[in-house]
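Single-structure report; data block below.
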Amino acid sequence: MRIDLHTHSTCSDGTTTPAEVVAEAARSGLDVVALTDHDTTRGWDEAAAAAREHGIDLVPGIEVSCKHEGISIHLLAYLPPTDGELFAELEKARSSRLTRAQRMVERLGEDVEITYEQVLSVAGADATIGRPHMADALVANGVVANRSEAFERYLYNGSPYHVGHYALDPVRAVELVRAGGGVPVMAHPFAESRGRIVDEDVVRAMADAGLVGIEAHHRDHDASQVERALAIARERDLVVTGSSDFHGAGKPNRLGENTTAPDQYERLLAAASGGTEVVRARH
Ligand code: AMP
Ligand code: FE
Ligand code: FE
Ligand code: ZN
Numbered sequence: 000m001r002i003d004l005h006t007h008s009t010c011s012d013g014t015t016t017p018a019e020v021v022a023e024a025a026r027s028g029l030d031v032v033a034l035t036d037h038d039t040t041r042g043w044d045e046a047a048a049a050a051r052e053h054g055i056d057l058v059p060g061i062e063v064s065c066k067h068e069g070i071s072i073h074l075l076a077y078l079p080p081t082d083g084e085l086f087a088e089l090e091k092a093r094s095s096r097l098t099r100a101q102r103m104v105e106r107l108g109e110d111v112e113i114t115y116e117q118v119l120s121v122a123g124a125d126a127t128i129g130r131p132h133m134a135d136a137l138v139a140n141g142v143v144a145n146r147s148e149a150f151e152r153y154l155y156n157g158s159p160y161h162v163g164h165y166a167l168d169p170v171r172a173v174e175l176v177r178a179g180g181g182v183p184v185m186a187h188p189f190a191e192s193r194g195r196i197v198d199e200d201v202v203r204a205m206a207d208a209g210l211v212g213i214e215a216h217h218r219d220h221d222a223s224q225v226e227r228a229l230a231i232a233r234e235r236d237l238v239v240t241g242s243s244d245f246h247g248a249g250k251p252n253r254l255g256e257n258t259t260a261p262d263q264y265e266r267l268l269a270a271a272s273g274g275t276e277v278v279r280a281r282h
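Residue numbers for the sequence shown follow numbering that gives the first Met the number 0, beginning at 0 and rising by one.
Here you go:
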């Protein structure tokens with residue numbers, strides 16, 4: 000069984016449609032794929048149809064934007080509820096991302112060519128707007144060669160052009176996901192290359208609130224960061240996951256480059272309690 004539990008589509012900052020993510024997952028020999036777009040469930044229906052067509056299992060998920068003392072945290076929510084307070088919080092984050100993009104474009108526009116309308120148009124209707132879409136606009140305008148260069152030069156955390164957006168408190172996010180029957184897993188907890196990270200006490204507070212798992216195997220973790228994640232998983236008996244964080248052509252991450260062990264996947268499923276169902280279509 001090959002299981003990849005973290006991917007993005009054009010519903011957030013990936014470059015392939017939900018159906019294409021699933022089709023490519025099947026071609027890559029995966030048995031189970033989770034679609035986890037930032038702050039949205041909008042890709043689920045299309046992904047589910049593709050999973051049935053291609054004969055693989057789909058785990059509906061969301062990567063929930065969280066923030067603790069100004070530090071960004073990503074919480075993967077598997078099989079979460081699609082209504083209620085969590086959903087309201089996601090919509091709040093999504094609309095805050097629009098004003099934030101406007102403000103970042105104002106700052107960027109002082110120095111390089113970029114407009115808000117262009118960012119919206121490269122993102123496509125109804126996608127969760129993020130910095131990768133600003134990066135795509137900069138690429139289209141010849142300012143940078145690719146998303147990575149855009150982040151290195153203009154969009155990194157702490158850049159003078161950077162503006163934050165509304166994001167949930169991580170403990171509250173864990174509580175809301177669990178209250179709705181979903182399974183919260185902390186994404187790439189120690190990926191320092193992305194910016195500031197929280198210390199273990201925040202992970203422990205999330206564990207106290209009902210965190211089920213931790214994503215240890217991820218390309219943004221070096222060997223010592225994987226070990227840190229495994230150590231806290233042992234300490235708190237958390238499920239250990241691994242995944243690609245596929246973003247299509249937007250990042251080098253390839254589907255299945257990191258995977259989750261079947262026994263760990265079974266533990267995740269056992270922790271779900273009536274939020275959303277797995278789409279079981281694997282032959
Ligand atoms: P945002 O959600 O707007 O704060 O942007 C964060 C997103 O940017 C992450 O989900 C990644 O997909 C993407 N990202 C972060 N760093 C890089 C990078 N160096 N190159 C390409 N994409 C990146
Ligand atoms: Fe992303
Ligand atoms: Fe993430
Ligand atoms: Zn992600």
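Don't be surprised by glycine CBs; every beta carbon is placed ideally from N, CA and C.
Where does S192 fall in DSSP's three states?
-> Taking the first residue of the sequence shown as 1, we reach residue 192 at position 193. If DSSP states are grouped into helix, strand and coil, S192 belongs with the helices.
Is the beta carbon of K66 within less than 8 Å of some heavy atom of ligand 1?
-> By one-based count along the sequence shown, residue 66 stands at place 67. No, ligand 1 has no heavy atom inside 8 Å of this Cβ.
Relative to the C-alpha of V176, which residue among E52, D82, H53 is closest?
-> Stepping through the sequence shown from its first residue, residue 176 is reached at position 177. Among E52, D82, H53, the Cα nearest to that of V176 is on D82.
Residues bridged to F245 by DSSP?
-> To locate residue 245, count along the sequence shown from 1; it is residue 246. BP columns for F245 point to T6.
In chain order, what residues of the same chain have a beta carbon less than 6 Å from the beta carbon of H216, not counting five sequence neighbours either side?
-> Counting from 1 along the sequence shown, the entry for residue 216 is found at position 217. Same-chain partners within the cutoff: G241, N257.
Specify the secondary structure class of K250 as computed by DSSP and reduced to three states.
-> Taking the sequence shown and counting its residues from 1, one reaches residue 250 at position 251. Coil.
Could you tell me whether the stretch 89-106 touches the stretch 221-239, where touching means 3 or more Cβ pairs closer than 8 Å?
-> no
Thinking C-beta only, is L75 closer than 9 Å to T275?
-> Start at 1 with the first residue of the sequence shown, and residue 275 comes out as number 276. Start at 1 with the first residue of the sequence shown, and residue 75 comes out as number 76. Contact: no.
Among D110, A280, D3, S11, which one has its Cα closest to the Cα of A24?
-> Position 25 of the sequence shown holds residue 24. That would be D3, whose Cα lies nearest to the Cα of A24.
Cutoff 8 Å; reference F150; Cβ partners in own chain excluding five residues on either side = Counting from 1 along the sequence shown, the entry for residue 150 is found at position 151. The answer, listed in chain order, is R130, A134.
Start and end of the beta strand (DSSP E) containing P59?
-> Position 60 of the sequence shown holds residue 59. 56-67 is the span of the beta strand (DSSP E), which, as asked, contains P59.
Take H7 as the anchor and find which of I70, Y264, D36 has the nearest alpha-carbon.
-> The count along the sequence shown starts at 1 and reaches residue 7 at position 8. The shortest Cα separation from H7 among I70, Y264, D36 belongs to D36.
When you compare each of H187, V197, V170 to D207 by their alpha carbons, which one comes out closest?
-> In the sequence shown, residue 207 corresponds to position 208, counting from 1. When each option's Cα is compared against that of D207, the closest is V170.
Check whether the stretch 156-170 touches the stretch 58-73, counting contact only when three or more Cβ pairs, one atom from each stretch, lie closer than 8 Å.
-> yes
Residue from A87, E112, M205, V118 whose Cα sits closest to the Cα of L97 = Here residue 97 refers to the residue found at position 98 when the sequence shown is read from its first residue. Minimum Cα distance to L97 is reached at V118.
Have a look at S11, P17, G13, M0 and flag the residue whose alpha-carbon is nearest the alpha-carbon of G28.
-> Here residue 28 is taken as the residue at index 29 of the sequence shown, counted from 1. Across the set S11, P17, G13, M0, the C-alpha of M0 shows the shortest separation from the C-alpha of G28.
If you run the structure through DSSP and keep just helix, strand and coil, what is T283?
-> The shown model of the chain, from 0 to 282, leaves out residue 283, and the question about it has no answer.
CA-to-CA distance, P59 to A48, given in whole angstroms | Here the question's residue 48 lines up with position 49 in the sequence shown. Here the question's residue 59 lines up with position 60 in the sequence shown. Near 12 Å, if we compare the C-alpha coordinates of P59 and A48.
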